[in-house]
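Here is the structure we will look at.
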Amino acid sequence: MEQKEENHARRKKGGLITMPFIFANEICEKLAVVGFNTNMISYLTTQLHMPLTKAVNTLTNFSGTASLTPLLGAFIADSFAGKFWTVAAASIIYQIGMISLTLSAVLPQFRPPPCRGEEVCQQASAGQLGVLYVSLLLGALGSGGIRPCIVAFGADQFDESDPKQTTRTWTYFNWYYFVMGAAILVAVTVLVYIQDNIGWGLGLGIPTIAMFISIIAFIVGYPLYRNLNPAGSPFTRLVQVAVAALRKRKVPNVSEPSLLYQNDQLDSSISLGGKLLHSAQMKFLDKAAIVTEEDDSKTPNLWRLNTVHRVEELKSIIRMGPIWASGILLITAYAQQNTFSLQQAKTMNRHLTKSFQIPAGSMSVFTILTMLITTAFYDRVFIKVARRFTGLDRGISFLHRMGIGFVISTLATLVAGFVEIKRKKVALAHGLYDHPHTTIPISVFWLVPQYSLHGMAEAFMSIGHLEFFYDQAPESMRSTAMALFWTAISVGNYVSTLLVTLIHKFSAGPNGSNWLPDNLNKGKLEYFYWVITLLQFFNLIYYLVCAKLYTYKPIQVHDKGDSSSDGNQIELATAI
């Protein structure tokens, strides 16, 4: 009787009541990151007087680093600290970085003097750049703990063993992205307007204060959270399986999978939601689960003998690799919105009235609005319609959802190239070819299609990517899986940096011209967009092959009431 009451009390933790505390942290992190990132190119060029290509690469390198550090945060969370304490500590580190960044924007000694007339602007000194980079590094480290853990921590609040909550995990990702999008919408409108028209001190001070409030709110919610204990280093387990398989490489494979090593007690802490079953792929790794005369099956040396569940953990991660890689180029395409697309917007007529004009950094509002509308439409209409045809609770599989996103993203950069041709024709017709700082009489709303298509692509691809990583990753590695999502974003930003650098170098002409000069009127930005379009087209073909060949993780759930989850996975596998 006491045990039933204890279990009932445990089940009461988590659920929808925890969402405000968790989303508050995510909202403020996004206000801070996006509020600065969206307009960072303006800060670097107008406040620190960086050349355009250096500023673009600084922005994409920072974004790449901030998306790479989640691997460290995920390792800490899954290994020993747990998601809650990792998010709490990372938020404090992030807070310190935001305070430092705000002070650097307020105090004049941290910036070069303003430009005077036609004089060459003085660039920021090494010390001034040092303060900026340290602030950005602290922000990147903080993001590394927040990004992979907060989304997985939120999903953990819905107990998958409870039949009443089986559909809420994938619905949660739509909520998560919608709330995140709403925060980004505020950042690219209100904060960017403040930065451009009132000052960077206040524009950065507001998200700094918001971040402080969110830390308090997140910690206050601790008694309500469903906290899952970390199950030890997932990376160690993966390496153990690889080493064990290598050590037994000369041992012949067994004739039946049932002969492979199983130990439910050993795997109990890493298979709370279900046990992974043997799959036919990558049979070499099965050697790690073959029991030989040298092995002690009661107390196994995990560097020689592993269970089928642990072998399948490694197989799951490897199978996810090709799908992970396919998301990189979408981020490369998306990254241009905060760099070259923003620079295009700066040269165009942004006036809504005679006295008010849209800040160039706020053009991404069209991306966010489209993403929000598409996400809401997908969750409330599309799923219900698709469910009638597919029979799947989620409407379509996350692999199909990602594929739709890839197609739309390819179309976005194709359209962007034609819009740039139109912009330059107007500049040439009005004699503004050599006047990069003069407004071209063409409406900035010509850029809306490319921004909106990127938002639509994100609603399909990015949320599908999140669903894919959380669903297909081993349950003890879900923070690590979320880190893989952010790592794809990291690599995408680095690829953007590499692509810009290579094109800037190899497109250089004898007179100093190139595709991506500071004066875009003289450049060939449309060629750059079409190079990305071509790369995305080949990437789409690659993705379709990977999705066709992908095998869903086989799992046997412990709770009979959740057997529908396993059935859904079989249906998804046959639907591809």
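Residue numbering for the sequence shown follows my numbering, starting at 1 and increasing by one per position.
Note that CB positions come from ideal geometry on N, CA and C, so glycine has one too.
Next item on the list: Buried or exposed for residue 184, please, with buried defined as at least 16 other CB atoms from any protein chain shown within 10 angstroms of its CB.
Entry: With 16 or more Cβ atoms within 10 Å of its Cβ, residue 184 is classed as buried.
Note to self: Taking the beta carbon of residue 250 as the centre, do at least 16 other beta carbons fall within 10 Å, making it buried, or is it exposed?
What the structure shows: Exposed, by the Cβ-count rule.
Next item on the list: Give the DSSP-derived three-state secondary structure of residue 290 in the structure shown.
Entry: Residue 290: coil per DSSP, three-state reduction.
Margin query: Which complete beta strand (DSSP E) runs does the stretch 418–451 hold, if anything under 3 residues is left out?
Written below: Whole beta strand (DSSP E) segments, 3+ residues: 440–443.
Notebook entry, point to check: Which full runs of the alpha helix (DSSP H) of 4+ residues lie inside the stretch 23–104, going along the chain?
Noted result: Counting whole runs of 4 or more residues, the stretch 23–104 contains the alpha helix (DSSP H) stretches 52–68 and 70–76.
Next item on the list: Have a look at residue 26 and residue 146 and give me their C-alpha separation to the nearest angstrom.
Entry: For the pair residue 26 and residue 146, the Cα-to-Cα distance works out to about 8 Å.
Margin query: Can you tell me whether residue 553 is helix, strand or coil according to DSSP?
Written below: Residue 553: coil per DSSP, three-state reduction.
Next item on the list: Could you tell me whether the stretch 525–538 touches the stretch 326–336, using the rule of 3 or more Cβ pairs below 8 Å?
Entry: As far as the Cβ criterion goes, the stretch 525–538 touches the stretch 326–336, which means the pair count is three or higher.
Next item on the list: Mark residue 58 as exposed unless 16 or more other C-beta atoms lie within 10 angstroms of its C-beta, in which case mark it buried.
Entry: The residue in question, residue 58, is buried, as its Cβ has 16 or more Cβ neighbours within 10 Å.
Note to self: Distance check for residue 543 and residue 255, CA to CA, integer angstroms please.
What the structure shows: Near 34 Å, if we compare the C-alpha coordinates of residue 543 and residue 255.
Check: Given a threshold of 16 other Cβ atoms within 10 Å of its Cβ, counted over all protein chains shown, does residue 6 qualify as buried or as exposed?
Finding: Low per-residue confidence applies at residue 6: pLDDT is 44, beneath 50, and the placement is therefore not dependable, though the value from the model is reported in the following sentence. The residue is exposed, with fewer than 16 neighbouring Cβ atoms inside 10 Å.
Notebook entry, point to check: When we look at the beta-carbon of residue 115 and count the other beta-carbons within 10 Å, is it buried (16 or more) or exposed?
Noted result: Answer is exposed; the Cβ neighbour count stays below 16.
Check: Tell me which same chain residues have a C-beta within less than 7 Å of the C-beta of residue 245, skipping the five on either side of it?
Finding: Answer for residue 245: 284, 285, 287 and 288, listed in chain order.
Next item on the list: Give every residue of the same chain whose Cβ lies closer than 7 Å to the Cβ of residue 427, excluding the five residues on either side of it in the sequence, and list them in chain order.
Entry: Non-local beta-carbon contacts of residue 427 in its own chain, meaning distances under 7 Å to residues more than five positions away in sequence, involve 433, 440 and 521 in chain order.
Next item on the list: Give a yes or no on whether the C-beta atoms belonging to residue 226 and residue 18 are separated by under 9 Å.
Entry: Yes, the Cβ-Cβ distance between residue 226 and residue 18 is below 9 Å.
Margin query: With H, G and I counted as helix, E and B as strand and the rest as coil, what does DSSP make of residue 281?
Written below: In this structure, DSSP gives residue 281 a state outside helix and strand, which the three-state scheme calls coil.
Checklist line | Touching by the beta-carbon criterion (3+ pairs, under 8 Å), the stretch 231–242 and the stretch 460–478 | finding: Enough Cβ pairs lie closer than 8 Å, so yes.
Next item on the list: Pair every Cβ in the stretch 79–93 with every Cβ in the stretch 185–193, then say whether three or more of these pairs are closer than 8 Å.
Entry: The stretch 79–93 is not in contact with the stretch 185–193.
Note to self: Let me make sure I understand the geometry here. Which of 319, 264 and 293 has the alpha-carbon closest to that of residue 280?
What the structure shows: That would be 319, whose Cα lies nearest to the Cα of residue 280.
Margin query: I'd like to know if the stretch 195–208 and the stretch 386–400 are in contact, where contact means that at least 3 CB-CB pairs between them fall below 8 Å.
Written below: Counting Cβ pairs under 8 Å, fewer than three are found: no touch.
Check: Should residue 493 and residue 67 be called a contact, given that it needs their Cβ atoms to be closer than 9 Å?
Finding: Yes. Within cutoff.
Next item on the list: Within the same chain, show all residues whose beta-carbon is closer than 7 Å to that of residue 104, passing over the 5 residues directly before and after it, in chain order.
Entry: 110, 131, 132 and 135.
Next item on the list: Below 6 Å CB to CB, which residues in the same chain sit around residue 517 once its five sequence neighbours on both sides are set aside?
Entry: Closer than 6 Å at the Cβ level, and outside the excluded window around residue 517, lie 523.
Notebook entry, point to check: Ordered along the chain, which non-local residues of its own chain (more than five positions away) have a Cβ less than 7 Å from that of residue 568?
Noted result: Since pLDDT at residue 568 reaches only 38, below the 50 mark, its modelled position is unreliable, and the value read off the structure follows with that caveat. Contacts found: 392 and 393.
Checklist line | Helix, strand or coil at residue 472 [DSSP, three-state] | finding: Residue 472: helix per DSSP, three-state reduction.
Notebook entry, point to check: Alpha carbon to alpha carbon, what distance is there between residue 326 and residue 462?
Noted result: Answer to the nearest angstrom: the Cα atoms are 12 Å apart.
Note to self: Please tell me whether residue 372 and residue 411 are closer than 9 Å, where the distance is taken between their beta carbons.
What the structure shows: A distance of 9 Å or more separates the beta carbons of residue 372 and residue 411.
Check: Residues in its own chain within less than 7 Å of residue 420 by CB, not counting five upstream and five downstream?
Finding: So the list reads 344, 525, 526 and 529, once near-sequence residues are dropped.
Notebook entry, point to check: Going by alpha carbons, who is nearest to residue 352 out of 460, 478 and 443?
Noted result: Residue 352 has its Cα closest to that of 443, out of 460, 478 and 443.
Next item on the list: Could you name the residues that DSSP lists as bridge partners for residue 276?
Entry: Per DSSP, the beta bridge partners of residue 276 are 555.
Margin query: Taking only three categories from DSSP, how would you classify residue 253?
Written below: Coil, per DSSP.
Margin query: At 4 residues or longer, what runs of the alpha helix (DSSP H) sit wholly inside the stretch 455–535?
Written below: The stretch 455–535 contains these whole alpha helix (DSSP H) runs: 478–506.
Next item on the list: Using three-state DSSP, classify residue 123 as helix, strand or coil.
Entry: DSSP places residue 123 in coil when its eight states are reduced to three.
Notebook entry, point to check: Between residue 167 and the rest of its own chain, which residues show a CB-CB distance below 7 Å, the 5 nearest in sequence each way excluded?
Noted result: Low local confidence applies: a pLDDT of 48 at residue 167 is under 50, so the model's placement there is unreliable, and no value is given.
Check: When the Cα of residue 23 is compared with those of 210, 65 and 96, which residue comes out closest?
Finding: Closest option to residue 23, judged by alpha-carbon separation, among 210, 65 and 96: 210.
Item checked: Same chain only: Cβ atoms within 8 Å of residue 482, ignoring 5 sequence neighbours per side -> Sequence-distant Cβ neighbours of residue 482 in its own chain, meaning closer than 8 Å and more than five residues away, are 70, 74, 147, 148, 149, 151, 152, 466, 469 and 470.
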